[in-house]
Each structure stands twice: as C-alpha cells, then as structure tokens.
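Since the structure comes first, as structure tokens, the remarks are kept for the end.
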Amino acid sequence: MSLKPRVVDFDETWNKLLTTIKAVVMLDYVERATWNDRFSDIYALCVAYPEPLGERLYMETKTFLENHVRHLHKKVLDSEEKILVMYHRNWDEYSKGADYMDCLYRYLNTQFIKKNKLTEADLQYGYGGVDMSEPLMEIGELALDMWKKLMIEPLQAVLIRMLLREIKNDRCGEDPNQKVIHGVINSFVHVEQYKKKFPLKFYQEIFECPFLNETGEYYKQEASNLMQESNCSQYMEKVLCRLKDEELRCRKYLHPSSYGKVINECQQRMVADHLQFLHAECHNIIRQEKRNDMANM
1 MSLKPRVVDF DETWNKLLTT IKAVVMLDYV ERATWNDRFS DIYALCVAYP
51 EPLGERLYME TKTFLENHVR HLHKKVLDSE EKILVMYHRN WDEYSKGADY
101 MDCLYRYLNT QFIKKNKLTE ADLQYGYGGV DMSEPLMEIG ELALDMWKKL
151 MIEPLQAVLI RMLLREIKND RCGEDPNQKV IHGVINSFVH VEQYKKKFPL
201 KFYQEIFECP FLNETGEYYK QEASNLMQES NCSQYMEKVL CRLKDEELRC
251 RKYLHPSSYG KVINECQQRM VADHLQFLHA ECHNIIRQEK RNDMANM
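Just so you know, we're using UniProt numbering here: the sequence shown kicks off at 1 and counts up by one.
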C-alpha cells in the first residue's frame, strides 16, 4: 500500500468499496486480499490529492447505511406476527456486520472523524465552522445510530407491546423464545453503548419504564388474587415464590441495571401495599410461634 497522496477517482473507488461493504454488513464471505485492497482504498480517499475525500466517503457511507436499514425495516415490518424473530435475526446480522465495517474504516475513524469530532465543550458552547446538526460519528457508532433511528424508533410501539406480551406469557407459565426476547431488549442497550454519558437512557425510556409500569399492574392484580384465596401464611409463601421467579425472569431477559428496580416494584405491590393485612397477623404468628412464617415476614 502506497502511503503517498495521489489523485483518486472517487466514483470508481467507491463502487468497489460499496460492493465489499454490502458483503461485510450482510456477513458474506470477503477474501483477505479484497479486504486489504478496500482498506487501502479508504486510506487513499482520506489522503487524496489535491483534496482529501474523507468527508465525501463519510456521507456516501452514511447514505448506504440509511438505505440498508430502511430495506431491513421493510423486511421486518412485512413479517407481521414474526416481527420479534425477524427483528432479532436482522439485528444479529447487522450488529456484527457493523463491527466489521468499523474495523474496515479504521483509518477514516482515527484520522478524519476523531480529528473533526465535536468535544463536549463544542456541543455545550458551540463551535463555529462545524455543522452542529450533523455531528460526525465513527462508522460503528453511525451504523448503530441508523438502526436506532430507522429501525427501533419506527417499530417502537409494536416491539414494546410484543415484548411485554411475551414476558407476561412467561409469568403465566408459557415458554417464550428466551434468545429472541433477550436479544431484542439488549439491542436497545447496544445502540447507545458507545455514549460516555447516560448510555442506558434510551433503553430505560423505551423499554424499562413501560416494563416497570406493566410489572406493577400485573403484581397488583396478582396480590389481589392471592389475598382472596390464601390466608396470611399461604400469601407470604406465594409472594416469596413470585419474587424468586421474577428474579430469575429478570436474569433471562433484562439488562442487569433493571434487576433491582423490578424486584422493588414487585415488593411494593405485593408487600408494602398490604402491610396492614400482614401486620394484622403478626401477633397470631408470634403467639403461635410459627417459625416459618416469622422467617418469611
């Protein structure tokens, strides 16, 4: 690979690069020699004479990612009742392909994007000469951002509704596809994992908040049902079983940051909201020396 800047035909070079990145993002086989040639092409574009072509390369790559994710979005949308499965399948492929693309574009990332990237001070106070509406992102970050904006956000309502339904089915004794549910939920975390500040904000807003609300309503009703069919001793035993089951369920599906919040919500609805009922039985439990019940209390 020649390191000397030279005149480069952008269209010719981009067409070769486009063929390769299409294969990369779809996890198709790419020969090592082809990979090395495209790596050299990206370098050549970034140092091209008389004017570097890094910015044009960035914009063309962004357009490619936009079009590709829109195409995948249509595929997922057309799958109707299999949306979660199709979403997970395409996300699994796309996220891995995006990692490979990020490696292929390493020179653009380090020598063009990072040097022109806005700092936190630039974002806070403004910086003349930079288009504030379109901050530069490394290619891996850009790919994730495209997925967030063009796949997750348009499908947000249907994805969340289906996820909540599947987890409710799990609570009712069914056996949903753990890999798919966990993978879809984890994608909400993954698309902003590169952010230094509040990397979980998107996940918390679109999934965790509605999930906690749904969980609270479910266990509010569950507590009501259990109280009608159980005495205090039986109620406490069933509540402890529900809490144990929910803790295991959290570990199957959710991000670790949600575990404590979910259990707190369950405890609030099944214990704290019914302290009067529980306290009323404390005297009988102590007087009759029901050691198991005292331990459960």
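Ideal placement from N, C-alpha and C gives every residue a C-beta, glycine not left out.
The structure displayed is predicted, hence computed values, not measured ones.
In chain order, 44, 45, 48, 53 place their CB closer than 7 Å to the CB of residue 8, counting only its own chain and leaving out the 5 sequence neighbours on each side. Taking the C-beta atoms as reference points, residue 113 is found no nearer than 9 Å to residue 156.
Around the beta carbon of residue 41, a 10 Å sphere encloses 16 or more other beta carbons of the protein chains shown; the residue is thus reported as buried. Between residue 189 and residue 198, the C-beta spacing is not below 9 Å. Taking a contact as a CB-CB distance under 8 Å, the pair residue 151 and residue 88 does not count as one, their CB atoms being some 12 Å apart.
Under the criterion of beta carbons closer than 8 Å, residue 137 and residue 65 do not qualify as touching, at roughly 11 Å.
For residue 179, the enclosing alpha helix (DSSP H) begins and ends at 178-190. Counting the other CB atoms within 10 Å of its CB gives residue 258 a total of 16 or more, which places it among the buried residues. Below 8 Å, too few C-beta pairs join the segment 177-197 and the segment 235-248 to call them touching: fewer than three. In the displayed model, residue 6 falls within coil according to three-state DSSP, outside both helix and strand. Where residue 218 is concerned, the enclosing alpha helix (DSSP H) starts and stops at 209-229. Residues of the same chain with a CB within less than 8 Å of the CB of residue 228, apart from the 5 flanking positions on each side, do not exist. The beta carbon of residue 170 is closer than 7 Å to those of 176, 249 in its chain, skipping five residues each way along the sequence. Here residue 19 is exposed: its Cβ has fewer than 16 other Cβ atoms, across all protein chains shown, within 10 Å. Listed in chain order, the alpha helix (DSSP H) elements of length 4 or more contained wholly in the segment 229-278 are 232-253, 259-270.
C-alpha of residue 213 to C-alpha of residue 219: approximately 10 Å in a straight line. Bounds of the alpha helix (DSSP H) holding residue 64 are 54-78.
The DSSP-derived three-state label of residue 137 is coil.
By the CB criterion at 9 Å, residue 39 and residue 84 fall outside the cutoff. Taking C-beta atoms as the reference points, residue 81 and residue 26 fail to come closer than 9 Å.
Between residue 185 and residue 163, the C-beta gap is smaller than 9 Å, which places the two residues in contact. If you draw a 10 Å sphere on the C-beta of residue 275, you find fewer than 16 other C-beta atoms in it, and that means exposed.
Between residue 191 and residue 144, the beta carbon gap of about 5 Å places them in contact (Cβ cut-off 8 Å).
Boundaries cannot be given for residue 49, as no alpha helix (DSSP H) includes it and DSSP labels it neither H nor E.
Distances from the CA of residue 240 to each of 154, 251, 226 were compared; the closest alpha carbon is that of 226. Only residues of its own chain outside the window of five on either side were considered, and among them 206, 207, 210 have a CB closer than 7 Å to the CB of residue 160, listed in chain order.
Distance from the CA of residue 168 to the CA of residue 139, rounded to the nearest whole angstrom, comes to 37 Å.
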